[in-house]
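Enquirer: Okay, so the sequence shown: first residue is 1373 according to this note's numbering, each after it adds one. Every residue, glycine too, gets a C-beta built ideally from N, C-alpha and C. No experiment lies behind these values; they were computed from the predicted model shown. My structure is below; once you've seen it, I'll send some questions.
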Amino acid sequence: MTYGEQIPVRTRREIEQMREAGRHVAEILLELREIAKPGVKTIDFHRAAEKKIEQRGIASSFVGYGPGGLPPYPATICVSVNDEIVHGIPGSRVLAKGDILSLDFGIHTGGFHGDSAFTMPIGEVSEQAADLIVVTKECLYLGIEQMVPGKRLSDIGHAIEKRATGAGYSVVRQFVGHGIGRKMHEPPQIPNYGRPGRGPRLLPGMVFAIEPMVNVGTEKVRMLDDEWTAVTADGELSGHFEHTVLITENGPEVLTRVEGSH
Ligand code: MG
Ligand code: MG
């Protein structure tokens, strides 16, 4: 992992715009949570999200996104079920009781992006699945807790990995958190693992998307033929939580959270 990149520090005006982008993401994700029930198709989340984006006069960060020669991402949201880690493409799959569902959603408005994700149970789920969800969310918040001026970048991933491995789970290494601002993915990369006390010092005005992906079994990833969907190599469950977070003088401010959010 390289730490040499310049990490932008946002102006007050840019921060206001990022707060607005984050609020849209949070509100829409809360609304989408309401439709997550057995019998719903994964494409229904895309259709609902598309409508809400249009109604609000904002723009999807995901539609058409295709870095490094990947086929342009075809939907407004990533919908990943059970062993799907991230980037599941919405389609005809029908949610069933006992599934775990991960929704990952991003928009931009006024030139700035917001990005957030959560995993939730569909009806009653196994004890294992319920525990994975709790632990992955704790990983997110332990990472966020490190976003204090003077700490170093790798303190975030270290806190995340410690909690996940302490629970007997693994953290995905192939995908990482990231800086976010005028682009959805900006430097620095923020791995969900590593030794503490390394990398640049954190400063007020930096904005990061922190996103632990935690697996019950192996950390290894397998890619599906659609070139987007990442699944666990052993077919075991995976959880994913993400927030866009600003570092302030007083510590972290979660930009993609409103009342009732994850
Ligand atoms: Mg995301
Ligand atoms: Mg992200």
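May I ask you to report which of helix, strand or coil DSSP gives A1431?
Expert: Looking at A1431 - three-state DSSP - the assignment turns out to be strand.
Enquirer: Along the beta strand (DSSP E) that carries A1602, what are the first and last residues, could you check?
Expert: 1602-1604
Enquirer: Given a threshold of 16 other Cβ atoms within 10 Å of its Cβ, counted over all protein chains shown, does L1596 qualify as buried or as exposed?
Expert: exposed
Enquirer: How many angstroms separate the CA atom of R1428 from the CA atom of E1625?
Expert: 24 Å
Enquirer: With distances taken from CA atoms, which of S1464, P1521, T1620 is nearest R1384?
Expert: T1620
Enquirer: Among residues of its own chain, excluding the 5 on either side of G1470, which ones have a beta-carbon nearer than 6 Å to its beta-carbon?
Expert: V1497
Enquirer: Closer than 7 Å to a non-hydrogen atom of ligand 1 - does that hold for the CB of E1583?
Expert: yes
Enquirer: Using the three-state DSSP reduction, which class does K1413 fall into: helix, strand or coil?
Expert: Strand at K1413.
Enquirer: Given a threshold of 16 other Cβ atoms within 10 Å of its Cβ, counted over all protein chains shown, does V1466 qualify as buried or as exposed?
Expert: exposed
Enquirer: Pull up the distance between the alpha-carbon of R1553 and that of E1614, whole angstroms please.
Expert: Rather than Arg, the amino acid found at residue 1553 in this sequence is Gly. Between G1553 and E1614, the C-alpha separation is close to 15 Å.
Enquirer: Using the beta-carbon count (16 or more within 10 Å), is D1606 buried or exposed?
Expert: Here D1606 is exposed: its Cβ has fewer than 16 other Cβ atoms, across all protein chains shown, within 10 Å.
Enquirer: Using a threshold of 8 Å, state whether the C-beta atoms of S1542 and T1590 are closer than that.
Expert: yes
Enquirer: Going by CA-CA distance only, name the one from L1525, G1478, R1535, D1527 that's closest to L1504.
Expert: Closest option to L1504, Cα to Cα, is R1535.
Enquirer: Decide if V1381 is buried, meaning its Cβ has at least 16 other Cβ atoms within 10 Å, or exposed.
Expert: exposed
Enquirer: How is D1527 classed by DSSP in three states: helix, strand or coil?
Expert: Helix, per DSSP.
Enquirer: By Cβ distance, which residues of its chain are closer than 8 Å to V1630, with the 5 residues on each side in sequence left out?
Expert: R1395, A1398, E1399, L1402
Enquirer: Is it buried or exposed for T1374, if we count other Cβ within 10 angstroms and need 16 for buried?
Expert: Residue placement at T1374 cannot be trusted, given a pLDDT of 49 that sits under 50; what the coordinates show is reported in the next sentence. Around the beta carbon of T1374, fewer than 16 other beta carbons lie within 10 angstroms, which makes this residue exposed.
Enquirer: Are the Cβ atoms of M1390 and V1520 separated by less than 8 Å?
Expert: no
Enquirer: So does the region 1439-1451 actually touch the region 1471-1489, counting three or more Cβ pairs closer than 8 Å?
Expert: yes
Enquirer: Extract the residue ranges of the beta strand (DSSP E) inside the region 1439-1467, only unbroken runs of 3 or more that lie entirely within it.
Expert: The region 1439-1467 contains these whole beta strand (DSSP E) runs: 1449-1453, 1456-1458.
Enquirer: If distances are taken between C-alpha atoms only, which option among I1472, T1628, G1571 comes closest to V1365?
Expert: Since the displayed the chain opens at 1373 and closes at 1634, residue 1365 lies outside it and no answer follows.
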